[in-house]
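Residue numbers (mature numbering (1 follows the signal peptide of the UniProt record, and there is no 0)): -16 to -1, 1 to 288. Beta carbons: idealized from backbone N, C-alpha and C, even for Gly. What follows is a short report on a single structure.
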Ligand SMILES: *[C@@H]1O[C@H](CO)[C@@H](O)[C@H](O)[C@H]1NC(C)=O
Ligand SMILES: *[C@@H]1O[C@H](CO)[C@@H](O)[C@H](O)[C@H]1NC(C)=O
Ligand SMILES: [Zn+2]
């Protein structure tokens, strides 16, 4: 508690003009704008349709148009570059991999992927589900196929689609993440990069049959400029990583030399927006309800 009070007073005493940052980066020697001050960096960050959000599952609405996605070239391997961009770890996607369906109006192609995580393996996702924060969140950023530049896509209110995945701590090591986790020690300094052995997008996410259940809402980038042009998809199925793998992300450093972590924006108000869920999530639940209702009817008719 005392720590919190102290931190809060430090933030208010020392905040001033500067770059945007996360609270975990803030020091009195380096003034930077923490999330509640991001609107000083970009006014859009104070907008009404910001991300991330907390998803209250009992308030989500079923949307039958949220059918399973069609992924193409997600299984294709590519030689990517992974870099420490000062705020996160980012992998550029340099081949054509697209996602369609799921009520997206057109195909969207993958541009880059990056992560948000906690401090030393602690809570670190941006979106939360019923208030639960996961240790890490993957964002695969896509733009409408017709665009060749993300900044142009961002000027279209539905120009960008981000697929969001949550991680869960597992007992065993996830070997499919070895190449990314092993590369981290080569990119501890901001603006450093290294090439990865061939990887596919598919190997980084849950298996296809586990991707039919997801949430959908309209929001923004979760870093400044906070542009409100993002169709968000958050999958139920999580990606397992061991504690050691999660902690390895804290080997990275921010510009001020502090371990990188806590690089998530807190949930933003929905301001009347609705969050939808795909059919698949509810099929099981509604089947169970149907059976319960049938049983009840049967029981009642017998009682009569
Ligand atoms: C990787 O770093 C090198 C050396 O700083 C730089 O020339 C190159 O453009 C970087 N590549 C990427 C993809 O960021
Ligand atoms: C996929 O879903 C099944 C059934 O819910 C589960 O047992 C399995 O672990 C999941 N696989 C992945 C990769 O998430
Ligand atoms: Zn992100």
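Taking 8 Å as the cut-off, one finds at least one heavy atom of ligand 3 near enough to the beta carbon of residue 110. Looking at the backbone, the Cα of residue 16 and that of residue 204 are separated by about 22 Å. Using a Cβ distance threshold of 9 Å, residue 212 and residue 119 do not count as a contacting pair.
Under the three-state reduction of DSSP, residue 21 is assigned to helix.
Residue 54 sits away from residue 77, with the two beta carbons spaced by 9 Å or more. With a cutoff of 8 Å, residue 239 does not count as near ligand 3, since its C-beta is closer than that to no heavy atom of the ligand. Secondary structure at residue 89: coil, using DSSP grouped into helix, strand and coil. Taking 3 residues as the shortest admissible run, the region 161 to 236 contains the following complete beta strand (DSSP E) segments, listed from N- to C-terminal end: 177 to 179, 198 to 203, 214 to 219, 223 to 226. With a contact defined as Cβ atoms closer than 8 Å, residue 230 and residue 153 qualify at about 6 Å. Going by beta carbons, residue 148 and residue 110 fall inside the 9 Å limit. If you look at residue 56, you'll find it in the beta strand (DSSP E) that goes 53 to 56. Leaving aside the five residues that flank residue 72 on each side, the residues in its chain whose CB is nearer than 7 Å to its CB run, in chain order, 98, 99, 100, 247. Shown here, residue 78 sits in coil according to DSSP, grouped into three states, outside any helix or strand. Counting along the chain, residue 154 sits inside the beta strand (DSSP E) bounded by residues 144 to 154.
Boundaries for residue 259: no alpha helix (DSSP H) harbours it, and the DSSP string shows neither H nor E there. With the rule of 3 Cβ pairs closer than 8 Å, the region 81 to 88 does not count as touching the region 221 to 228. Contact between residue 35 and residue 29 is ruled out by a C-beta separation of about 11 Å, above the 8 Å threshold. Taking every protein chain shown into account, the CB of residue 249 has 16 or more other CB atoms within 10 angstroms, so this residue is buried. Sequence-distant Cβ neighbours of residue 104 in its own chain, meaning closer than 7 Å and more than five residues away, are 231, 234, 245. Residue state for residue 67 is assigned as strand, using DSSP reduced to three classes. For the options 31, 44, 21, 194, the alpha carbon positioned closest to that of residue 200 is the one of 44. At least one heavy atom of ligand 3 lies less than 8 Å from the C-beta of residue 100.
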